[in-house]
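Below is one structure, written out as structure tokens; the observations come after it.
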Amino acid sequence: MPRDPTLFESTIDVPVWLEADQHTPYAERVRRDREIARDISRGDRIARVRLWWRSAAPGAREGAGARLQRLRTFVTTVMGIAGSITGVAVALAAFAYDGSQPVNVVRLLALLVGVQLVLLVLTLLLLPGRVPGLRHIQEVLTALNPGAWAAGVYARLSHASPDAARLLNLRAQRPAAVRFAKWQVLYWSQTAAVMFNLAALITAIMLVTFSDLAFGWSTTLDAEPAAVSRIVQSIAWPWASFAPLAVPNAELVEQSQFFRLERGGIPAGSSRTLGAWWPFTLFALVTYGLLPRLLLLALAAVRLRAATGALLLEDSRVVALLDRMESPLIETAAAQHDEQSFPEIGLGTSARRPMIGNARALIWEESLPTDAARDYARRHLGLEILDIVEAGAGRLNVDRAALDHLEIDRSQTLIVFTPAWEPPLLELRDFLAELRQRVGPDVSIVVAPVPDGPRAVTEVERAMWHRAVAQLADPRTYLETGAA
Amino acid sequence: MNRPRLAIVGHPNKGKSSFVATFAEDDAVAISPHPGTTTQARTYPMRLDGEVLYELIDTPGFQRAREVLAWLEAHDRGAGARGAVVAEFLTAHANDPRFHDECQLLTPIVEGAGILYIVDGSRPYGRQYEADMEILRWTGRPRMALINMISAGDHIDQWRSALGQYFSIVRVFDAVRADFGKRIELLRAFGAIDERWAVPLNRAADALVADRQRRAQRVAGEIADLLITALTTTVIVPLSGRSVDDEARAHAEGRAKLREEVRRREVLSRRTVHEIYHHTGLEARESAAAYLVEDVFSARSFSVFGMSQTQLALTGAASGAVVGSAVDVALGGASLLLGAGIGAALGAFGTLTGAQGLAKVRVLGLPLGGYELRVGPITDPNVPWVLLGRALLHAKLVAERNHSRREELIVDAQAGGHLADMIDAARRRRLDVTFRRLRGGRELVADEREALLAEIATLIDAR
Numbered sequence: 120m121p122r123d124p125t126l127f128e129s130t131i132d133v134p135v136w137l138e139a140d141q142h143t144p145y146a147e148r149v150r151r152d153r154e155i156a157r158d159i160s161r162g163d164r165i166a167r168v169r170l171w172w173r174s175a176a177p178g179a180r181e182g183a184g185a186r187l188q189r190l191r192t193f194v195t196t197v198m199g200i201a202g203s204i205t206g207v208a209v210a211l212a213a214f215a216y217d218g219s220q221p222v223n224v225v226r227l228l229a230l231l232v233g234v235q236l237v238l239l240v241l242t243l244l245l246l247p248g249r250v251p252g253l254r255h256i257q258e259v260l261t262a263l264n265p266g267a268w269a270a271g272v273y274a275r276l277s278h279a280s281p282d283a284a285r286l287l288n289l290r291a292q293r294p295a296a297v298r299f300a301k302w303q304v305l306y307w308s309q310t311a312a313v314m315f316n317l318a319a320l321i322t323a324i325m326l327v328t329f330s331d332l333a334f335g336w337s338t339t340l341d342a343e344p345a346a347v348s349r350i351v352q353s354i355a356w357p358w359a360s361f362a363p364l365a366v367p368n369a370e371l372v373e374q375s376q377f378f379r380l381e382r383g384g385i386p387a388g389s390s391r392t393l394g395a396w397w398p399f400t401l402f403a404l405v406t407y408g409l410l411p412r413l414l415l416l417a418l419a420a421v422r423l424r425a426a427t428g429a430l431l432l433e434d435s436r437v438v439a440l441l442d443r444m445e446s447p448l449i450e451t452a453a454a455q456h457d458e459q460s461f462p463e464i465g466l467g468t469s470a471r472r473p474m475i476g477n478a479r480a481l482i483w484e485e486s487l488p489t490d491a492a493r494d495y496a497r498r499h500l501g502l503e504i505l506d507i508v509e510a511g512a513g514r515l516n517v518d519r520a521a522l523d524h525l526e527i528d529r530s531q532t533l534i535v536f537t538p539a540w541e542p543p544l545l546e547l548r549d550f551l552a553e554l555r556q557r558v559g560p561d562v563s564i565v566v567a568p569v570p571d572g573p574r575a576v577t578e579v580e581r582a583m584w585h586r587a588v589a590q591l592a593d594p595r596t597y598l599e600t601g602a603a
Numbered sequence: 019m020n021r022p023r024l025a026i027v028g029h030p031n032k033g034k035s036s037f038v039a040t041f042a043e044d045d046a047v048a049i050s051p052h053p054g055t056t057t058q059a060r061t062y063p064m065r066l067d068g069e070v071l072y073e074l075i076d077t078p079g080f081q082r083a084r085e086v087l088a089w090l091e092a093h094d095r096g097a098g099a100r101g102a103v104v105a106e107f108l109t110a111h112a113n114d115p116r117f118h119d120e121c122q123l124l125t126p127i128v129e130g131a132g133i134l135y136i137v138d139g140s141r142p143y144g145r146q147y148e149a150d151m152e153i154l155r156w157t158g159r160p161r162m163a164l165i166n167m168i169s170a171g172d173h174i175d176q177w178r179s180a181l182g183q184y185f186s187i188v189r190v191f192d193a194v195r196a197d198f199g200k201r202i203e204l205l206r207a208f209g210a211i212d213e214r215w216a217v218p219l220n221r222a223a224d225a226l227v228a229d230r231q232r233r234a235q236r237v238a239g240e241i242a243d244l245l246i247t248a249l250t251t252t253v254i255v256p257l258s259g260r261s262v263d264d265e266a267r268a269h270a271e272g273r274a275k276l277r278e279e280v281r282r283r284e285v286l287s288r289r290t291v292h293e294i295y296h297h298t299g300l301e302a303r304e305s306a307a308a309y310l311v312e313d314v315f316s317a318r319s320f321s322v323f324g325m326s327q328t329q330l331a332l333t334g335a336a337s338g339a340v341v342g343s344a345v346d347v348a349l350g351g352a353s354l355l356l357g358a359g360i361g362a363a364l365g366a367f368g369t370l371t372g373a374q375g376l377a378k379v380r381v382l383g384l385p386l387g388g389y390e391l392r393v394g395p396i397t398d399p400n401v402p403w404v405l406l407g408r409a410l411l412h413a414k415l416v417a418e419r420n421h422s423r424r425e426e427l428i429v430d431a432q433a434g435g436h437l438a439d440m441i442d443a444a445r446r447r448r449l450d451v452t453f454r455r456l457r458g459g460r461e462l463v464a465d466e467r468e469a470l471l472a473e474i475a476t477l478i479d480a481r
């Protein structure tokens with residue numbers, strides 16, 4: 120079973136997939152996304168998008184997101200290792216003791232606590248985003264981050280899409296991307312810092328356990344033991360209540376002051392006493408080194424996750440997806456449609472014949488009054504109508520009577536006036552077929568569609584009637600629309 | 019089951035399929051001036067999340083109505099059995115090709131569908147329609163007549179008077195030109211055909227109205243994204259040399275790429291708007307606007323690993339300072355931080371000079387850096403207004419277009435050019451601030467995008 124993509128992978132891959140998905144017909148996307156959404160129980164929007172992603176594209180797992188995720192893991196590991204090595208090295212240097220002189224607690228605190236607090240303050244400068252006046256410092260701090268370097272190199276060489284490549288760009292134009300990059304960089308730096316402190320702490324414990332260390336304090340500054348004792352009490356305040364043994368008392372402070380000029384300067388008999396500083400140094404390292412970094416790492420992890428989610432949800436393609444998922448699906452179209460296939464029939468296939476003489480007429484479906492029919496035949500067809508019958512509008516027995524009447528004289532041309540605006544129905548075709556049967560094959564039948572009023576027959580009407588007459592396949596039945 | 023089912027019936031070529039295409043928003047419905055285009059009864063269900071709220075059934079037209087009526091009259095057993103006689107006709111002629119169309123149109127009615135009889139009110143009434151109407155009366159099903167207006171004539175009164183003999187409800191409805199409001203009004207009116215249908219039809223109408231509003235929102239989002247993309251897009255062209263000619267060539271290439279990118283995005287946006295309104299087959303013609311990317315921001319830059327010279331210098335300086343600080347520590351502070359200072363200066367200088375060589379290094383066939391010309395974003399302040407105006411005009415035309423229309427959609431590219439002069443000053447100012455922000459190279463946060471979307475949605479409503 121394939122593993123679920125992480126939030127980060129979804130944030131990279133979902134928008135890229137949705138971009139390509141724009142070539143899928145919209146109606147299909149709407150139906151698909153709504154149907155998937157119906158199977159997803161209510162949850163926050165990020166969870167819904169990720170569940171949708173699992174259903175919509177189960178095969179699209181190994182995208183740029185997985186590659187960038189591996190890079191993130193790699194960078195995190197490298198940062199952790201680098202932090203650990205540095206922590207061990209610094210601790211070894213800070214606790215270095217060859218027996219000639221005690222470990223100077225002042226230098227130790229400066230290295231393991233003081234420097235770290237300064238770096239912590241510098242790190243905190245990155246948290247509020249772009250601060251006027253601090254921009255260049257922030258840029259330096261950012262540019263120094265090896266994670267940002269690694270991401271830049273990776274984006275250039277890994278052929279990641281522009282969307283994916285710009286994610287780790289701290290100078291991105293997209294605010295959500297900037298937030299993401301900031302917390303990602305902080306996450307990496309705090310990973311290194313936590314590992315630094317852990318390694319330093321473990322190294323210190325090992326040194327305390329497996330070797331004998333003597334601690335003292337020494338400074339050029341004019342510091343009275345009483346004042347140093349007060350400072351030490353203040354530093355130890357956080358753990359004083361539950362670990363009183365880790366708080367050096369005034370006597371210890373006074374006894375452990377040394378001067379290098381005095382070649383040791385501390386009575387040898389007090390070595391056991393001088394060793395009593397170690398709980399204080401370890402507690403200081405935990406309290407002022409490890410704990411703030413752990414808190415910052417936790418904050419960075421939480422904020423990074425939120426920024427990753429925001430990056431996903433602020434993408435306009437994801438916004439559109441959620442809209443499709445959350446809107447009721449309305450469908451109104453049919454599943455299938457009629458094939459629209461009408462063979463082309465040339466309009467000029469039956470040439471207009473010159474007609475002179477008499478004719479008999481049939482008015483179909485009350486297409487025009489009797490007088491108007493005579494006039495129309497004279498003016499447009501050049502034929503004089505001898506007699507007129509009607510059919511098509513009343514009962515079928517009227518049609519039969521008309522056929523009986525027209526059958527009597529088989530010598531005259533027959534004009535069938537039809538309403539040009541009405542479609543030629545199959546019952547007209549039936550009628551014309553029977554008419555042909557009754558009058559025989561030699562009589563010319565002129566189908567004459569007439570307009571409703573003082574207008575010419577339109578091209579659309581003419582084409583419609585031409586097609587109907589052509590379908591009769593009767594060489595002596597032809598169309599006359601009166602068109603010039 | 020009280021699901022409303024409406025059979026759309028009538029003579030051929032009276033707009034039955036146009037009516038269905040408009041109501042079902044389906045531009046794949048076959049519509050042509052040739053009678054007999056519709057050969058099968060076709061159901062168009064309106065589904066809300068899969069639940070069918072009503073069904074429209076497009077049917078072929080009557081072809082031999084008088085013959086059918088003659089058969090019915092010949093088998094008449096009194097008014098109470100007329101519906102059964104119609105059913106018997108269907109049974110008797112189920113396999114008769116002569117009455118294929120009549121069987122197709124009468125079957126859904128016999129199965130319980132209501133009747134929507136459509137005529138063309140722009141052409142005169144004729145007695146030949148009486149056979150159709152008489153057959154429909156024989157079915158005994160609830161029915162409504164719709165007077166469609168296919169062309170310019172007006173015979174509505176004549177039709178009203180004739181239809182009134184057979185139908186208790188007669189309405190005029192232009193299937194090709196009716197706007198959305200009229201469609202919804204008519205949909206609710208179908209509830210009068212059968213009172214049990216009122217609830218599902220009103221529910222369907224409410225859902226369609228809500229969906230229409232969502233579509234307008236989606237279109238607003240699409241237009242907002244088009245503007246955001248068009249105003250923030252930049253293209254990077256590698257510079258082969260540093261001469262004026264090289265730069266001019268790269269600038270022309272960059273502008274062409276930028277123009278193509280904006281055009282591509284605009285075409286995609288138009289297509290999405292078509293799809294939102296279910297006009298998937300719609301062909302739109304729009305005159306091109308070549309002037310769009312004449313005024314663009316362009317800047318030459320140098321980069322390695324995507325880092326600018328300033329970033330490289332800062333990074334080098336910081337790295338040098340760290341190394342220098344180590345020297346200071348080693349000397350126990352005797353150097354008075356001189357090591358850090360010198361290290362920073364050397365680091366910055368070294369990084370910048372070394373970067374020139376590093377840029378030429380190729381890894382996996384790709385140079386690590388070099389000089390390039392960034393072209394964009396578009397700086398012409400009129401461009402967003404022109405894009406917005408054109409997009410709004412296009413959206414309006416598409417939204418108002420019925421699915422029974424088959425002609426090409428023509429959008430005048432210049433028509434939206436004066437949008438800025440037509441909207442109120444406060445809105446213009448707000449939009450202008452957003453456009454300037456985008457031109458300045460800053461993307462919008464979600465709230466800002468929502469605000470832009472709301473402004474565009476208001477403009478869509480107003481037009």
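Chains as they are written, first to last, in the working numbering: chain A, 120 to 603; chain B, 19 to 481. All C-beta atoms, glycine included, are put in the ideal place defined by N, C-alpha and C.
Exercise. Thinking just about the alpha-carbon of each residue, which of Gln374(A), Ile527(A), Gly162(A) and Glu450(A) is nearest to the one in Arg151(A)?
Worked result: Here residue 151(A) refers to the residue found at position 32 when the first sequence is read from its first residue. For the options Gln374(A), Ile527(A), Gly162(A) and Glu450(A), the alpha carbon positioned closest to that of Arg151(A) is the one of Glu450(A).
Problem set entry | Start and end residues, alpha helix (DSSP H) containing Val429(B) | The sequence position of residue 429(B) within the second sequence is 411, counting from 1. The continuous stretches of alpha helix (DSSP H) do not include Val429(B), which lies in the beta strand (DSSP E) extending over residues Leu427 to Val429.
Exercise. When Cβ atoms are compared, which residues of the stretch 31-47 of chain B fall closer than 8 Å to chain A?
Worked result: Residues passing the 8 Å Cβ filter: Asn31, Phe41, Ala42, Glu43, Asp44, Ala46 and Val47.
For this session: At 4 residues or longer, and completely inside the stretch 153-182 of chain B: list those alpha helix (DSSP H) runs for me, N to C.
Result: Qualifying alpha helix (DSSP H) stretches, in chain order: 174-181.
Problem set entry | Euclidean distance between Cα positions of Ala567(A) and Thr57(B) | Counting from one through the first sequence, the residue named residue 567(A) turns up at place 448. Counting from one through the second sequence, the residue named residue 57(B) turns up at place 39. Approximately 27 Å, taken between the alpha carbons.
Problem set entry | Residue nearest to Arg555(A) in terms of C-alpha spacing, selected from Ile527(A), Trp540(A), Arg581(A) and Arg443(A) | In the first sequence, residue 555(A) corresponds to position 436, counting from 1. Taking each of Ile527(A), Trp540(A), Arg581(A) and Arg443(A) in turn and checking the Cα distance to Arg555(A), the smallest one comes out for Ile527(A).
Exercise. CB-CB under 7 Å to Trp89(B), same chain, minus the five flanking residues each way: which ones, in chain order?
Worked result: Against the second sequence, residue 89(B) aligns to sequence position 71. Cβ neighbours of Trp89(B) within its own chain (closer than 7 Å, five residues either side excluded): Phe107.
Exercise. In or out: Gln590(A) buried (at least 16 other Cβ within 10 Å) or exposed?
Worked result: Looking up residue 590(A) in the first sequence gives position 471. The Cβ neighbour count for Gln590(A), taken over all protein chains shown within 10 Å, is under 16; the residue is labelled exposed.
For this session: Using a cut-off of 7 Å between C-beta atoms, extract the partners of Gly146(B) located in chain A.
Result: Taking the second sequence and counting its residues from 1, one reaches residue 146(B) at position 128. The sequence given here places Gln at residue 146(B); Gly does not occur at that position. Within chain A, Glu484, Gly511 and Ala512 have C-beta atoms less than 7 Å from the C-beta of Gln146(B), given in sequence order.
Exercise. Applying a beta-carbon distance threshold of less than 8 Å, which residues of chain A neighbour Gly239(B)?
Worked result: Here residue 239(B) corresponds to residue number 221 of the second sequence, with the count starting at 1. What Gly239(B) touches in chain A: Ser435, Val438, Ala439 and Asp442.
Exercise. Helix or strand or just coil, what does DSSP make of Ala131(B)?
Worked result: Residue 131(B) sits at position 113 when you count from the first residue of the second sequence. Here Ala131(B) sits in coil by DSSP.
Problem set entry | Coarse secondary structure for Ile75(B), derived from DSSP in three states | Position 57 of the second sequence, counted from the start, is the residue given in the question as residue 75(B). Strand at Ile75(B).
Problem set entry | is_contact[Arg471(A), chain B] using C-beta, thresh 8 Å | Here the question's residue 471(A) lines up with position 352 in the first sequence. Interpretation of Arg471(A) is limited by its pLDDT of 48, a score under 50 that renders its predicted location unreliable; the figure taken from the coordinates is listed afterwards. With respect to chain B, the C-beta atom of Arg471(A) has no partner C-beta closer than 8 Å.
For this session: Taking Pro542(A) as the query, report the chain B residues whose CB atoms sit under 9 Å from its CB, ordered along the chain.
Result: For the purposes of this step, residue 542(A) is taken as the residue at position 423 of the first sequence. Within chain B, the residues placing a beta-carbon under 9 Å from that of Pro542(A) are His29, Pro30, Asn31, Lys32, Pro51, His52, Pro53, Gly54 and Gly79, ordered along the chain.
Exercise. In terms of residue numbering, what span does the beta strand (DSSP E) encompassing Asp506(A) cover?
Worked result: Along the first sequence, one-based indexing puts residue 506(A) at 387. Here the beta strand (DSSP E) through Asp506(A) covers Leu502 to Ala510.
Exercise. Hey, is Ala308(B)'s beta-carbon within less than 8 Å of any beta-carbon in chain A?
Worked result: In the second sequence, counting from the first residue as 1, residue 308(B) sits at position 290. Residue confidence is low: Ala308(B) scores 48 on pLDDT, short of 50, so the model does not pin down where it sits. Its coordinate-derived value is still stated next. No, Ala308(B) does not count as interfacial toward chain A.
Exercise. Residues of chain A with CB under 8 Å from Met64(B), in chain order?
Worked result: As a working note, residue 64(B) is residue 46 in the second sequence. Chain A residues near Met64(B): Ile449, Glu450 and Thr451.
Problem set entry | DSSP three-state assignment for Tyr184(B), whether helix, strand or coil | For the purposes of this step, residue 184(B) is taken as residue 166 along the second sequence, with counting starting at 1. For Tyr184(B), the secondary structure class from DSSP, reduced to helix, strand or coil, is coil.
For this session: Quick one: measure Cβ to Cβ for Phe299(A) and Ser337(A), integer angstroms, because I've assumed they're closer than 8 Å.
Result: The sequence position of residue 299(A) within the first sequence is 180, counting from 1. The sequence position of residue 337(A) within the first sequence is 218, counting from 1. Not a contact, Cβ separation roughly 47 Å.
Problem set entry | Beta-carbon proximity check, Thr252(B) vs Gly394(B), cutoff 8 Å | As a working mapping, residue 252(B) is identified with position 234 in the second sequence. As a working mapping, residue 394(B) is identified with position 376 in the second sequence. Cβ atoms of Thr252(B) and Gly394(B): closer than 8 Å.
Problem set entry | Residue nearest to Ala196(B) in terms of C-alpha spacing, selected from Arg419(B), Met151(B), Leu471(B) and Glu69(B) | Within the second sequence, the letter at position 178 stands for residue 196(B). Of Arg419(B), Met151(B), Leu471(B) and Glu69(B), the residue nearest in Cα terms is Arg419(B).
For this session: On the DSSP bridge assignment, give the partners of Ile136(B) in chain order.
Result: Start at 1 with the first residue of the second sequence, and residue 136(B) comes out as number 118. DSSP lists Gly28(B) and Leu164(B) as partners of Ile136(B).
Exercise. Chain B beta carbons: is any one of them nearer than 8 Å to that of Thr468(A)?
Worked result: Along the first sequence, one-based indexing puts residue 468(A) at 349. Summary for Thr468(A): the model assigns pLDDT 42, below 50, so the residue's position carries little reliability, and this model does not support an answer.
Exercise. Shorter than 8 Å from the beta carbon of Leu286(B) to some beta carbon of chain A?
Worked result: For the purposes of this step, residue 286(B) is taken as residue 268 along the second sequence, with counting starting at 1. Yes, contact with chain A.
For this session: Under 8 Å Cβ to Cβ from Gln176(B), same chain only, skipping five residues before and after it: list those, please.
Result: Residue numbering aside, residue 176(B) sits at position 158 when the second sequence is read from its first letter. Its chain contains Pro142 and Tyr143 as the residues whose beta carbon lies nearer than 8 Å to that of Gln176(B), once the 5 sequence neighbours on both sides are disregarded; these appear in chain order.
For this session: Consult DSSP for Pro63(B) and reduce its assignment to one of helix, strand or coil.
Result: Counting from one through the second sequence, the residue named residue 63(B) turns up at place 45. For Pro63(B), the three-state secondary structure derived from DSSP is strand.
Exercise. Any idea what DSSP makes of Arg471(A), helix, strand or coil?
Worked result: By one-based count along the first sequence, residue 471(A) stands at place 352. Confidence at Arg471(A) is low in this model, with a pLDDT of 48, below 50, so its placement is unreliable and the value that follows should be read with caution. Shown here, Arg471(A) sits in coil according to DSSP, grouped into three states, outside any helix or strand.
Exercise. Within 10 angstroms of its Cβ, does Leu470(B) collect 16 or more other Cβ (buried), or is it exposed?
Worked result: Here the question's residue 470(B) lines up with position 452 in the second sequence. By the neighbour-count definition (other C-beta atoms within 10 Å, threshold 16), Leu470(B) is a buried residue.
Problem set entry | Contact the stretch 176-185 of chain B vs the stretch 115-122 of chain B: 3+ CB pairs below 8 Å | No: fewer than three Cβ pairs fall under 8 Å.
Exercise. If you count every other CB in all the chains shown that lies within 10 Å of the CB of Met64(B), and 16 or more means buried, which is it?
Worked result: Along the second sequence, read from residue 1 onward, the residue named residue 64(B) stands at position 46. Around the beta carbon of Met64(B), a 10 Å sphere encloses 16 or more other beta carbons of the protein chains shown; the residue is thus reported as buried.
Exercise. What is the DSSP secondary structure of Ala452(A), counted as helix, strand or coil?
Worked result: The residue you call residue 452(A) lines up with position 333 of the first sequence. In this structure, Ala452(A) counts as coil in the three-state DSSP scheme.
Exercise. Terminal residues of the continuous beta strand (DSSP E) containing Thr250(B)?
Worked result: The residue labelled residue 250(B) in the question sits at position 232 within the second sequence. In the DSSP assignment, Thr250(B) falls outside any beta strand (DSSP E) and lies within the alpha helix (DSSP H) extending over Ala216 to Thr250.
For this session: Report, in whole angstroms, the separation of the C-beta atoms of Gly54(B) and Ile168(B), which I expect to be a contact under 8 Å.
Result: Taking the first residue of the second sequence as position 1, residue 54(B) is located at position 36. Taking the first residue of the second sequence as position 1, residue 168(B) is located at position 150. Between Gly54(B) and Ile168(B) the beta-carbon gap is near 17 Å, outside 8 Å, which marks them as no contact.
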